[in-house]
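In what follows, a structure is listed as structure tokens, so that the remarks can point back to it.
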Amino acid sequence: MSEELIQLSPKSLGRYLYYRVGSSTLSQLKKNKVIKTKVNADIATKKPDGLVVLAGGDVKAVIEYKQPSELRTNALIEKAINQEIEVAKSLCKLLIVTCGSKTIWINALNGERIHDENGHELKKLFDVKYIEDGSLTNEQQLEFEKLIDKIDYSLTENNNTITLPEVLDPSQLAKTLWQKIWINTGKEPERCLYNVVELFVFKFLSDVGVLKKHLNFTSVYNLLQTESSSEALKHYANTCRKEIRDLFPKGADGTTVINGTIFVNEKGEPNTAQSSLFGEVLKDLQDYDSKFGSFKYIRREFKTRLYESFLRQNAGVRSLGQYFTPRNVVRAIVSMSDSSKLKKGARVCDPFCGVGGFLLELIAENKNIWKEFEPKNGSIDPAIDIVGYDKGSDEKEDERTIILAKANMLIYFSDLLVKYHTPDYLKAFSEGAFNKVFHLLRSNLGTFGKVNDEPYDLILTNPPYVTSGSSSLKRSIDEEGLATYYTSNGRGTEALAMEWIVRNLKPEGQAIVVVPDGLLNQESMLEYLKTHCFIEGVVSLPTRTFYSTPKKTYIICLRKKADINEQQRSSVFAYLVSEIGETRDAKRWVTEENDLDQLVNLFNQFKGSPNYFTTDNKRCKVIKFEEFGEKTNWMIERWWSKDERVALGVTSEANEITQAELIDKITSISQLINEFIATVEEVNDE
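Going by this note's numbering, the sequence shown opens with residue 432, and the numbers climb by one from there.
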């Protein structure tokens, strides 16, 4: 082994490592795990001047140093290129020939010059002196990292031009990590999910340059390579993880963006019993990077469906599903809302936000709202207030949903964080976005205890709906002196939720809410809603729309009256959904059948002129309010004939019936039984 190899120490170049090699051969570098790329016998004794390597040993560039006099003419340049082109071609896609004042960037796959996105030859100076003396700024390092990334994405034997980087969809990686953690630990599926999200956040923050040299993913992976998985985990838990928590300070509710408790304990100390598993997960993340690239460029569908992808696993569906509304339903509801028309000073709320899907989709889909979260003068202070509440307690388990919401927001904002990632900006995102939007309410009543909120222009939500436990909730309401606030006498938590929503809307404010069929069969609640709101629409969703329950659900669209004495004269929009763009089983495969798109189009047309809107779409009916107001339940399927429903696929020939129809049948059977008993008694009397 050469003396130089013993002393070989890489320099940081973003997430890459730069090695000045000199007198060490490629076979020596391979043997000592500096590189992992296969070294052919014909280049084994070659000694390249320098290498750019990804942690773990994947070579990304071969460097050839020359004196300026050796690159004076085209002939000399070609000679320099030919000197190392075969080595570069065997190891990677990129050869960099440089003298400190001139750099030639070569596609090692074909020996031709590399061109930038505009078709001009790439001439950016690559001066190793500044890398070796450590004088490159973090921004300059990240600029080179980004350039090498783009080159690696773009080059083929037939293409020398830099193209836009591939946008990654790491869904399969996320599932693989989740399954590996779950199988190896036997922990609850949701706990495994929290840890996958935490490690994704760690890798993403490393890739965009938020976490510096000794704090980033590369530093942890290098410890895994050079020392042990135990040392890697200790460094992550004691140093890197603490840095993330410092960069993203806790909100007033005590929560931040990470809270995994498999690789660390409740105190944040390393759980070395899981160090081997931690090492395996690090290798999976690094292998993905080597094969596909960094997490800088993530496909939007992955961001919006990150948590849903875990619900397609067989385990844990019921326990996780309560927090999620399917993304297609969320997107439809946001598109049906007034969100695109919100002005500065407006307020939006999801009072039962779970992991934040409604609010994050609303931000992502509306430029008028997204712009409010771009830093201005170093701070983030949205002029449109977005608020999400979730119920919890002092128990760590109860914090996790709101932590997932904040982590979800971080991933949604990945494009902004790539651009704005200094410590000051990150703290601004914590204060002005993550912690300002999402709030954990540590009380038995949760949102139901927030009776003095400033009213909202728009409320979008999927509230909890259970009958069991609602009586104890009502007792707590009485004990807190809030009985006069909840007066509708509805059944179940969904009735309390609807009353909270109506009370917290501004006059003429809009609410679009997912509700169970039981609510639409409660006459007292229907009267309450008709008294305080204009009913704009009712949409029937198919059974098993939601992951964790076969319960029949609806979307109800309301607008609060400015004067409760005003009578509704506008018609009501009714629509039957059969398919939501994905299968309604545990797998949730994407399908082409999606009635939600047409729902959005028709409802938005209807809003413009409710009394004059017409359509020949057989899924849609417009009901005069005189007729609608007389209905004793709003389970709208019954307003279509059975033949119409079967034709639309709303009900099958197998006698699938609604709750109201079941009640009717039971009532009829009860009457028949009573009549039979009366007849028998008459016979006996005779």
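Backbone N, C-alpha and C define an ideal beta-carbon position, used for all residues, glycine too.
The region 677-687 / the region 871-883 touching (three or more Cβ pairs under 8 Å): Flag = yes, the region 677-687 and the region 871-883 touch.
Just the C-alpha distance for S1072 and V1081, rounded to the nearest angstrom, thanks. Spanning the two alpha carbons is a distance of roughly 11 Å.
Is it true that the CB of P947 sits closer than 9 Å to the CB of E930? No.
Would Y985 and I1067 be called neighbours here (beta carbons separated by less than 9 Å)? Yes; because the gap between Cβ atoms is below 9 Å, this pair is in contact.
Continuous alpha helix (DSSP H) assignments of at least 4 residues falling wholly in the region 856-924: With a minimum length of 4 residues, the continuous alpha helix (DSSP H) runs that stay inside the region 856-924 are 901-910.
Which listed residue (A914, T587, E621 and A475) has its alpha carbon closest to that of L525: The shortest CA-to-CA distance from L525 to any of A914, T587, E621 and A475 is the one to T587.
When DSSP labels each residue in this structure, what does Q717 get in the three-state scheme? Of the three classes helix, strand and coil, the one that applies to Q717 here is helix, per DSSP.
Could you work out which residue in A475, F844, K555 and L957 is closest to R922 when comparing CA atoms only? Measuring from the Cα of R922, the nearest candidate turns out to be L957.
By Cβ distance, which residues of its chain are closer than 8 Å to K1049, with the 5 residues on each side in sequence left out? Non-local C-beta neighbours of K1049 in its own chain, meaning closer than 8 Å and more than five positions away in sequence, comprise E1075, A1078 and L1079, ordered along the chain.
Give the DSSP-derived three-state secondary structure of P757 in the structure shown. Coil at P757, not helix or strand.
What is the rounded straight-line gap between the Cα of G488 and the Cα of K714? Computed Cα separation, rounded: 12 Å.
Nearest to G912 by alpha carbon, out of V882, K554, I995 and T832? Nearest C-alpha to G912: V882.
The beta strand (DSSP E) with Y851 in it runs from where to where? Boundaries cannot be given for Y851, as no beta strand (DSSP E) includes it and DSSP labels it neither H nor E.
N591 (DSSP reduced to helix, strand or coil): Per DSSP, reduced to three states, the secondary structure at N591 is coil, with no helix or strand assignment.
Taking the Cβ atom as the reference point for each residue, do F865 and Y851 lie within a distance shorter than 9 Å? In this structure, Y851 does not lie closer than 9 Å to F865 by Cβ.
Can you say whether K673 is buried or exposed, counting buried as having 16 or more other CB atoms within 10 angstroms of its CB? Result: exposed.
Other residues of its chain near V1021: CB distance less than 6 Å, five sequence neighbours each side excluded: For V1021, where only same-chain residues beyond five positions count, the Cβ hits under 6 Å are E1013.
Which residues in the same chain have their Cβ closer than 6 Å to the Cβ of E796, if we skip the five residues on either side of it in sequence? In its chain, beyond the 5 residues on either side, V765 have a beta carbon closer than 6 Å to the beta carbon of E796.
Which residues bound the alpha helix (DSSP H) around K510? Per DSSP, K510 belongs to the alpha helix (DSSP H) from N505 to L522.
Taking the straight line between their C-alpha atoms, what separation do you get for I1120 and K867? With the chain represented from 432 up to 1117, any question about residue 1120 goes unanswered, as that position is not in the structure.
Could you tell me which residues DSSP pairs with I1054 in its beta bridges? V1003.
What span of residues does the alpha helix (DSSP H) with A663 cover, start to end? Run containing A663: S660 to H666, per the alpha helix (DSSP H) assignment.
Are the region 1027-1042 and the region 990-998 in contact at 8 Å, needing three or more beta carbon pairs? No: fewer than three Cβ pairs fall under 8 Å.
Measure from the alpha carbon of S443 to the alpha carbon of each residue in P620, S637 and S810, then state which is nearest. A check of alpha carbon separations from S443 across P620, S637 and S810 identifies S637 as the nearest.
Applying the criterion that 16 or more other CB atoms from any shown protein chain within 10 Å of the CB defines a buried residue, is Y1043 buried or exposed? Burial call: exposed.
Given a cut-off of 9 Å, decide if I527 and I535 are closer than it, judged by their beta-carbon atoms. Yes, Cβ-Cβ distance for I535 and I527 is below 9 Å.
Extent of the continuous beta strand (DSSP E) to which L526 belongs: From DSSP, the beta strand (DSSP E) with L526 extends over L525 to T529.
So which of V761, P813, K775 and E805 has the shortest CA-CA distance to L793? Closest option to L793, Cα to Cα, is V761.
Quick check on K727: buried or exposed, where buried means 16 or more other Cβ atoms within 10 Å of its Cβ? With 16 or more other Cβ atoms from the protein chains shown falling within 10 Å of its own Cβ, K727 counts as buried.
Which same chain residues end up closer than 7 Å to V651 when comparing Cβ atoms and leaving out the 5 residues on each side of it in sequence? The beta carbon of V651 sits closer than 7 Å to those of A663, H666, Y667, C671 and L713, all from its chain and outside the five residues before and after it, given in chain order.
Using alpha carbons as the reference points, say which of E1023, E697 and I1011 lies closest to V1031. For V1031, the closest of E1023, E697 and I1011 by C-alpha to C-alpha distance is I1011.
Please state the DSSP three-state secondary structure of L630. Three-state result, L630: helix.
Within the same chain, show all residues whose beta-carbon is closer than 6 Å to that of I1130, passing over the 5 residues directly before and after it, in chain order. Missing from the structure shown is residue 1130; the chain here goes from 432 to 1117 and no further.
DSSP state of I794 mapped onto helix, strand, coil: Here I794 sits in helix by DSSP.
Only counting the same chain, and skipping five residues up and downstream in sequence, which positions put a Cβ closer than 6 Å to that of L716? Correct list, in chain order: K634.
Within 10 angstroms of its Cβ, does G747 collect 16 or more other Cβ (buried), or is it exposed? Low confidence applies here, because G747 scores a pLDDT of 46, under 50, leaving its location unreliable and the question unanswered by this model.
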